[in-house]
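Novice: My questions all concern the structure below.
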Amino acid sequence: MDLPAPQSIDQASWILENSPEQTSPEDIWEIPVPRRRSLKWSIILSYIISIFRFSNEYQKGKFDLILGDNKDVEVMKNRTKIRRKPTWKKIREQVHSFNPFLNRQPLFLNKTMLHLVKLFGERLNTRGVQEMCDGDIFGNSRMLGTISKLLQCCIKVYQIDSKGERKITEYFFERQNSNTTIVLFQRVQNAHRSPGRVRFSFGMNLCYAYRFRRERLKVILKLAQFPSSIVLEIVNNLDYDENFLLALLKNSWREYIPQIYNSPYIPPRLLYAGFNTNPCLPVENGVSAFFHCTGLDSDRLFYILYDYVTNSFYESEYSLRCPSPEITLALQSVDSILRNDLSTCNNFSSLSCRQLSAVKTYDDVFKFNQFQRAVIHDIIYIKENYSRLQNFNLNKKIIVSVLKNYENIAFDGISFRKIFSYYIKYKECYENIDYFTCLLLFDNILHLNPTNNPILMPTIFKFFLTILSYKKFPKCDHGMFCNVCLPTPGLKGLQCIPFLYRQQLRIHCKELLMHLMNDPNEDKCDPDMTLKDIIIQLEHFPEIKDEFLFTRLITYLKTACDVSFQNDGRKGILAFERALQVLGETLVISEKNNIVGCLLNFNLPLGLGKVLLNLRNHCFSHYQASSSFGKCDLENDASRFESLHPLLRCILEIVQQVYVLQMFRVEIFLIEISNINYSFYTYRNIFNKILREAHRISEQQFEYFNLMKPKVKLCVENIIKGLKRSINEYENVIELKQEVLTLKVFVYFISRQSNKAHAIRLVKTVKVLSGFIKNNCDKRLNDLIKRKLTSDVMNFISRQSKNTEAFRLAIAVKVLSDFVINNCDKRLNDLIKGKLSSDVMNLCDIIKKVFSDIVSIDEDCSTFDYSKLTKFLDDLKSFKYFSMQEITTIKQKCLDRCKEVEESVVSLQNSLQNGSSLSLKEEEKLLNGIPMMGHKREILKKALLRDHKKASNMLNDLRKRTQSVKDIKDIETFITFVDKQENRNLLFSTEFPYHMNKKILHFLNRKVECLLHSMKQLKILLIEESEEIRSLYTSNSNNENARKHAVFLMRERYKRDPVVQLSLEMLLFDCQNILYRREDFKHLWEKLSGLFSGANLRDVLSHGNTVLQMAGQDLDINDLPANFIEKMLELVDDIEVLEALSFFWSKSKPMSLEEYENEIMQNTNMKSLIKKHPKWESYMQLLPLH
């Protein structure tokens, strides 16, 4: 039930000449009620709220006036068929809990309140009949006068007719004696409507409204995940009459504004509670909230508000990525508002620093806005003129359009020096344009065929590198929003790096544009093919891939570490499981020449990596029948997961410690491949600035290295220990490849200990060596490769000073890697192990000397106790669904049943041996007493008549089943027993007590039970947990827009609430682990695991840029998270059919899949149900049938 938002009524906006009292009304809030019976709702709520200030006895007496005496009540009850009169106690409880600033009111659906309104309405109708003796109509005016008399109160009505004319009318019971006054609003929205269909609402004074708004604000800010201390500070110190957004911007509270606009729920709820969230409204001095953002340390808030307005968040169907004319109007509106701000600003007597900053920011935004409007105009035009009958690729047309607009903002005709200066001046604008272009291209580019387009992949990776360079070399003006960046003079953080990548990107975009315009091929490509090609090409950019893996792992671990099991018990458990799963997946990925898992495994406590991999294999990433119920049992104990919190925090600290290496690795990588010296060498002034900035970055890295030196030493020592273990454990030399290559990362740090010249040569040489190892480690070493390696090493040695410990370390690494290369096709015998161990000991000796000035740190994160996680794994795997007493009972019952079966078998065998044929009736009875599949029974039946030898063999096989039962000793042997269909059939035919039978069926059907458990949890988290989503999605009306908006809110909630995201992903993985054979899930699984187990690479690269971060979160229907939600909803819809299939199976106990399917087709209810669920056959395959 959606109601208009309450609104504050300004006394100056009313014409009061017609008011009986020539005094201005006080400020008041107008509170909406349901349209149906709006007058009765308004009267009752306003009346009851107005009497709360009196004593309890007085309240009870006033309440009784609503329904009259007992005689009146009995008459009304008979007419309305309401059995019980609503009591004052229940009504008072409901109205006390009523907050008019809550956008969805349970009070309006409460049965007691509905009965009260209905009875009151019936009383008015009765009174109206009595007063209509003169033939007049009992209209609103007459009715209000009657109500005033009945309730003994004064009623003041603020009337607004269809023409907008206003007046106030008052109705008095006793002018001098009325101590209760209620205020109503009467609105006519359509002149053609009769007066009887006008809508009423009621008024609430500022005192009451303040209390309700204050309570509601506290709830909303908590929903937005504001810290508790900040919530109290805002609630207690906010001026409730001031513009809410402006109040935040003027205060240190502004740093929490992103948490408001990052959610699709928070701004509408604040607006409904009477707090302005629209940044376009003039707030002070005639300028908008945008202007007040420009004087801050960062433009981040400006672009958050800009994105909120331009993406039209109230329209779930459209966004900047899926534009409509409404989005175009939103962009035009923002442009007008900003230009009005500038015009107002220019009228100020003098320009302050803030105003000068606003002029600069607005200038950037005007360029960006103009680019967005041009792009969106073209996309809308293309889609409006697109027809599937036409022979052209819609996605290709959109890409061409985007690239044309991108080319139009190029710097053609401007010298390189001026281009660079112009870029520095308008860097924010061009950075936002690049992000926005990247976003639109990624929405469409996967539909192009990379095979026929050689420029496609290079362009994609230029986008990757450009965005990554923006992230790693930001313009350092982030102030309070960035704890990493520091203000620097000159180029502000080596801005030439992203500039060079942008220049290269422009060239590739232009080439791609020309290729697409000249390419006659209009066929649409399967996105998976392009996606797989991107994944393959990413192997050439391991720095990008590792950046992704690190960021994703840290994000998931942080979310799990911060989760509260008290507030979000179930979600906390699922988020924890998802973090452990991602951790396990990262360790597995190390097998694919990725250093992340290898580095992590080296720095974790010895044996922990194996435990995490076992958890991944036995629980989180694969369905294991033996541990499925163990997982469900552990999930019922939140304290077990909460006890693992300290362990997860230690793991997070290790990951963050190792990530330091990745940070410098990516920086160096981006600098080295940018060709910075070549590009700028002819411009000496710029080149000298670049050298100064490069030197500054080197100093910054060196300082940070010295700060982190103890941890670096620890990492190196852990790698050496890992090498020692690997030498003793591995069988083949080639298995050492990953460990040797991992040393490359640490050389960048250790080389800082030598002089600059040695450091540069050391880094370059180790890069050459490790690169060579990576490319040739899996090959046989022929003479040509050996000569190449020897030449590189000798060239390095001839130019080095042999007195530095860093040099000695590099030589030691080289010796070790050289030995691995020369012996990679051999087994690790004792001789080779001895040689490798000697090399490792040499490394240990050098490392001690390199870090001779470092004392080992007291707190070694890599030695923490993880016994609780080991115990968790053991309990998971050893969970006993049946007790030994139950196993014994099942075994004995089955043996008893085997005796009965054996008697029937013996009778049939005797018949064969004696040559005496049984009657058909006797034979049928004996065969029916033997539990077996239908088709086998038919085969045996025919063999008894025609092939006695075959029949004898089949009967002997049936007698062997007794031995299988005798072999049952524990739960493991019982699982082995029930894996065979024939043994399950024996169980089905055995009589067990009711509860034991139910438990056995539940165990046999554990795959379906686990799937149903996950599906139901999905339904709770996805739909039922949010009242707004539940009411929209489960509405009985056929309003398709309501359902669409509900799905939109699900996507937004998934994207913006990390705990919800991890929880839903874990449940989806649980379902996928069981349904992996289904084609639709297989397709999703490949997309998920192919791009590094499900994270969005673009999101990782976009971190730190508001435009892409915000716009990218406004999900398009083709995004992977949107696919997740779609698939989750399919699973939720399929709960009904899966439950029915499972229940029908437990009742019918069919002996085979074919028999079960025949029974379904003969059952009317089941037959009608499966027609609504096309996937029913795939679910039937999960039942324990063959």
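For the sequence shown, position 926 matches number 925 in numbering that gives the first Met the number 0, and the numbering has no gaps at all.
By construction, the Cβ of each residue, glycine as well, lies at the ideal position given by its N, Cα and C atoms.
Using DSSP with H/G/I as helix, E/B as strand and the rest coil, what is Arg639?
Specialist: Helix, per DSSP.
Novice: Where do the N-terminal and C-terminal ends of the beta strand (DSSP E) with Ile167 fall, by residue?
Specialist: Run containing Ile167: 165-170, per the beta strand (DSSP E) assignment.
Novice: Among residues of its own chain, excluding the 5 on either side of Val587, which ones have a beta-carbon nearer than 8 Å to its beta-carbon?
Specialist: Closer than 8 Å at Cβ, skipping near neighbours: Gly596, Leu612, Arg615.
Novice: By a C-beta neighbour count over all protein chains shown, 10 Å radius and 16 as the cutoff for buried, is Phe290 buried or exposed?
Specialist: Classification for Phe290: buried.
Novice: With DSSP collapsed to three states, give me the class of Val32.
Specialist: Three-state DSSP puts Val32 in coil, outside helix and strand.
Novice: Quick check on Tyr46: buried or exposed, where buried means 16 or more other Cβ atoms within 10 Å of its Cβ?
Specialist: Looking at its Cβ environment, which holds 16 or more other Cβ atoms inside 10 Å, Tyr46 is buried.
Novice: Is Ile1028 closer than 8 Å to Met1049 when the C-beta atoms are compared?
Specialist: For Met1049 and Ile1028, yes; Cβs fall inside 8 Å.
Novice: Use the C-beta contact count for Asp969: other C-beta atoms within 10 angstroms, 16 or more gives buried, fewer gives exposed.
Specialist: Its Cβ having fewer than 16 others within 10 Å, Asp969 is exposed.
Novice: How many Å lie between Phe976 and Asn984 at the Cα?
Specialist: Approximately 11 Å between the Cα atoms of the pair.
Novice: On a CA-only basis, which of Met75, Leu101, Leu106 is nearest Lys89? Give me that one, please.
Specialist: Taking only the C-alpha atoms, the option nearest Lys89 is Leu106.
Novice: Please name the residue or residues paired with Ile157 in a DSSP beta bridge.
Specialist: Rather than Ile, the amino acid found at residue 157 in this sequence is Tyr. According to DSSP, Tyr157 bridges with Ile167, Phe184.
Novice: Measure the C-alpha to C-alpha separation of Gly163 and Tyr157 and round it to an integer number of angstroms.
Specialist: Roughly 12 Å separates the two Cα atoms.
Novice: May I ask which residues mark the beginning and end of the alpha helix (DSSP H) holding Gly629?
Specialist: Per DSSP, Gly629 belongs to the alpha helix (DSSP H) from 627-633.
Novice: Is the beta carbon of Leu455 closer than 8 Å to that of Pro449?
Specialist: The answer is yes: Cβ separation under 8 Å.
Novice: Tell me the DSSP secondary structure of Ser951 in three-state form.
Specialist: Ser951: helix per DSSP, three-state reduction.
Novice: In the segment 514-597, which residue ranges form an unbroken beta strand (DSSP E) of at least 3 residues, counting only runs that do not cross its ends?
Specialist: Counting whole runs of 3 or more residues, the segment 514-597 contains no beta strand (DSSP E) stretch at all.
Novice: Which one or two residues does DSSP pair with Ser7 in a beta bridge?
Specialist: Paired residue(s): Trp28.
Novice: For Gln185, count the other beta carbons within 10 Å of its own beta carbon; 16 or more makes it buried, fewer makes it exposed. Which is it?
Specialist: By the 10 Å Cβ count, Gln185 comes out buried.
Novice: Report back the beta-carbon spacing between Met1014 and Val1131 to the nearest angstrom; my notes put them in contact at under 8 Å.
Specialist: So it is a contact: roughly 7 Å between Cβ atoms.
Novice: Which same chain residues, not among the five before or five after Trp40, have their C-beta less than 7 Å away from its C-beta?
Specialist: Excluding sequence neighbours, Trp40 sits near Val32, Pro33, Val116.
Novice: Flag this pair as yes or no: are the beta carbons of Met1150 and Met932 separated by less than 8 Å?
Specialist: It is a contact, given that the beta carbons lie within the stated cut-off.
Novice: Do Phe301 and Thr293 have their CB atoms nearer than 8 Å?
Specialist: For Phe301 and Thr293, yes; Cβs fall inside 8 Å.
Novice: Return the CA-CA distance between Lys1170 and Ile1159, expressed in angstroms with no decimal places.
Specialist: So the two alpha carbons sit approximately 12 Å from each other.
Novice: May I have a chain-ordered list of the alpha helix (DSSP H) segments no shorter than 4 residues that lie completely inside the segment 915-988?
Specialist: Listed in chain order, the complete alpha helix (DSSP H) runs (minimum 4 residues) inside the segment 915-988 are 919-927, 933-945, 947-958, 960-965, 970-977, 980-987.
Novice: Does DSSP classify Tyr203 as helix, strand or coil?
Specialist: Tyr is not the amino acid found at residue 203; the sequence shown has Met there. Strand at Met203.
Novice: Contact defined as beta carbons within less than 8 Å: I believe Val572 pairs with Glu634. What is the distance between those atoms, to the nearest angstrom?
Specialist: As written in the sequence, residue 572 is Ile, which differs from the Val given in the question. Ile572 to Glu634, Cβ: 5 Å. Contact.
Novice: Leaving aside the five residues before and after Glu542 along the sequence, list all residues of the same chain whose C-beta is less than 7 Å from its C-beta, in chain order.
Specialist: Closer than 7 Å at Cβ, skipping near neighbours: Arg664, Val665, Phe668.
Novice: Hey, out of Phe370, Ile397, Asp363, whose CA is closest to Glu427's CA?
Specialist: Per the Cα distances, Asp363.
Novice: Can you give me the Cβ contacts of Val230 inside the same chain, cut-off strictly under 7 Å, excluding the 5 residues immediately before and after it?
Specialist: So the qualifying residues of the chain are Lys217, Leu220, Lys221.
Novice: Quick one, are the C-beta atoms of Cys495 and Phe462 less than 8 Å apart?
Specialist: Not a contact, by the Cβ cut-off of 8 Å.
Novice: Would you tell me roughly how many angstroms separate the C-alpha atoms of Asn275 and Leu579, rounded to the nearest one?
Specialist: For Asn275 and Leu579, the distance between alpha carbons rounds to 41 Å.
Novice: Which residues in the same chain have their Cβ closer than 6 Å to the Cβ of Ser1062, if we skip the five residues on either side of it in sequence?
Specialist: So the list reads Lys570, Leu573, Ala574, Leu1020, once near-sequence residues are dropped.
Novice: Just to check my reading of the structure: Cys893 and Thr989 have Cβ atoms closer than 8 Å, yes? What is that Cβ distance to the nearest angstrom?
Specialist: With 8 Å as the limit, Cys893 and Thr989 qualify as a contact, their Cβ atoms being about 6 Å apart.
Novice: So Leu1137 and Leu1010 are supposed to be a Cβ contact under 8 Å. How far apart are they, rounded?
Specialist: With 8 Å as the limit, Leu1137 and Leu1010 qualify as a contact, their Cβ atoms being about 7 Å apart.
Novice: Taking Glu652 as the reference, give the member of Cys714, Val74, Glu546 with the closest Cα.
Specialist: Nearest of Cys714, Val74, Glu546 to Glu652, Cα basis: Cys714.
Novice: Would you mind sorting Glu546 into buried or exposed? The rule is 16 or more other CB atoms within 10 Å of its CB.
Specialist: So Glu546 ends up on the buried side.
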